[in-house]
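Using this note's numbering, you'd call the opening residue of the sequence shown number 1430 and step up by one each time.
Quick reminder that beta carbons are idealized off the backbone N, C-alpha and C, glycines included.
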Amino acid sequence: MNLSFETFRRQAYRMRGLMDFIGQHLDNDLCLEDLADFTHLSVAHLLRLYQHRVGETPMKTIRRLRLQQAWERIRENRYRTLTDIGFDAGYGSSAAFSHAFRRQFGIAPTDVPTGMPSLTETVPLHLEFMPALKVWQMPYAGNYADNGYFKARLAWQYLRTGRKGWRGWRLNDRDHPFCESDHQYVQLSHFLPALDSSMPLCEAESVTLPGGLYAVARLAPAQREACLDGLPERVRAELGCQCVEGRMIERDLHIRDFRAPQERRIALYIPVARLHQTVQARSFSPLPIKC
């Protein structure tokens, strides 16, 4: 990657803004011209950039998100007829809607049981042992609002070496692990596993994070606070462990800038200790997860 840092950051900012716009305007009559106007790009430039960064066209993203929205409406029984839902999702006939729905979810709209779990609300836990891990890290101390610069700086250094599969990691602030207040003072670190130490990142520190046992939940960023409700009881009952003092780790399961808010997911690592030695932990892999 030969982009300057400012160009790289501007592209990421533009893409995240576009994904937020798409996610928030699914009920509108979106077209490529609207999206191009929003990003101040030509339609051709937008298509090239979007396809390269996201891996599909903007309209395919919109169709998929509208079908996910349709699933939720059916599950919650928030509709008059399936024809209405199909029309709201952009389909001109019940047959076309049913065909697209079945292709995405594997079942027909009429087969979605009312009241079944949401696609996003269930947050299972599992155990994972993370060995001592050599990483490249960029520590940050200051207002929460400014920490994203350092994440972008680390990503840019990583990608300009020719590496693929960038996914962000963050060692959260001990006292404010989920801080979203721009002016909150935090101490955190953005980091990456040092899979290839022969290609250092010139601005990052090379350190070794201590190993440990973690309860891991894969969830939307907005679910982090809710996940902690009753967590000690869940960890004890489901995993045979107890929560212990330590800093939580977040791991991006995909590049957040290239996903709509509805599809952004992280793995949240909560430090725990076994009550007994009978619970089997999964082995840890620092390689990115494809989601």
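Whose CA, out of Gly1641, Ser1433, Ser1635, lies closest to the CA of Leu1556?
Gly1641
Which residues does DSSP list as the beta-bridge partners of Pro1568?
Ser1618
Gln1453: buried (16+ other C-beta within 10 angstroms of its C-beta) or exposed?
exposed
Taking only the alpha-carbon atoms, compute the straight-line gap between Val1645 and Leu1588 and give it to the nearest angstrom.
27 angstroms
Can you tell me where the alpha helix (DSSP H) holding Pro1661 begins and where it ends?
1660–1668
Measuring only the C-alpha atoms, how far is Tyr1569 from His1705?
37 angstroms
Indicate whether the contact test is met: 3 or more Cβ pairs, each with one atom in the stretch 1684–1704 and one in the stretch 1662–1676, closer than 8 angstroms.
yes
N- and C-terminal bounds of the beta strand (DSSP E) containing Gly1641
1641–1648
Cβ-Cβ distance between Asp1449 and Pro1690 below 8 angstroms:
yes
Taking 8 angstroms as the threshold, find out whether the stretch 1528–1545 comes into contact with the stretch 1629–1636 through three or more Cβ pairs.
no
Among residues of its own chain, excluding the 5 on either side of Ala1537, which ones have a beta-carbon nearer than 6 angstroms to its beta-carbon?
Ser1527, Arg1531
Using a Cβ-Cβ cutoff of less than 8 angstroms, which residues in the same chain neighbour Asn1431 once the five nearest sequence positions on both sides are dropped?
Arg1589
Would you call the CB atoms of Val1541 and Ile1503 closer than 8 angstroms?
yes
Exposed or buried, what is Lys1580 when buried is set at 16 or more other beta-carbons lying within 10 Å of its beta-carbon?
buried
If I follow the unbroken alpha helix (DSSP H) through Thr1468, where does it start and stop?
1461–1468
Helix, strand or coil: how does DSSP classify His1705 here?
coil
Go through the stretch 1430–1464 residue by residue and report every complete run of the alpha helix (DSSP H) that reaches 4 residues or more, in order.
1434–1453
Touch check for the stretch 1609–1625 and the stretch 1458–1469: three-plus C-beta pairs under 8 angstroms?
no
Based on the DSSP secondary-structure assignment, which residues constitute the bridge partners of Ser1635?
Trp1565
Can you tell me where the beta strand (DSSP E) with Leu1554 in it begins and where it stops?
1554–1559
What are the partner residues of Tyr1698, as DSSP defines its beta bridges?
Val1645, Ile1678
Gly1519: which of Gly1535, Phe1534, Arg1663, Gln1497 sits nearest, CA to CA?
Gln1497
Residue from Asn1601, Gln1440, Phe1434, Leu1447 whose Cα sits closest to the Cα of Arg1688:
Leu1447
Using the Cβ count rule (16 or more neighbours within 10 Å means buried), how would you classify Ser1721?
With the chain running from 1430 to 1720 in the structure shown, residue 1721 is simply not present.
Would you report the Cα separation of Thr1436 and Arg1443, rounded to the nearest angstrom?
10 angstroms
According to DSSP, is Cys1656 part of a helix, a strand, or is it coil?
helix
Report the rounded CA-to-CA distance for Arg1596 versus Asp1681, giving the unit in angstroms.
6 angstroms
Buried or exposed, going by whether 16 or more other CB atoms sit within 10 Å of the CB of Gln1553?
Note on identity: in this sequence residue 1553 is Pro, with Gln being the wrong assignment. So Pro1553 ends up on the exposed side.
Among the residues of its own chain, which have a CB less than 7 angstroms from the CB of Cys1608, if the five just before and after it don't count?
Tyr1573, Asp1602, Val1615
Status (buried if at least 16 other CB within 10 Å, exposed otherwise) for Leu1548:
Low per-residue confidence applies at Leu1548: pLDDT is 49, beneath 50, and the placement is therefore not dependable, though the value from the model is reported in the following sentence. The residue in question, Leu1548, is exposed, as its Cβ has fewer than 16 Cβ neighbours within 10 Å.
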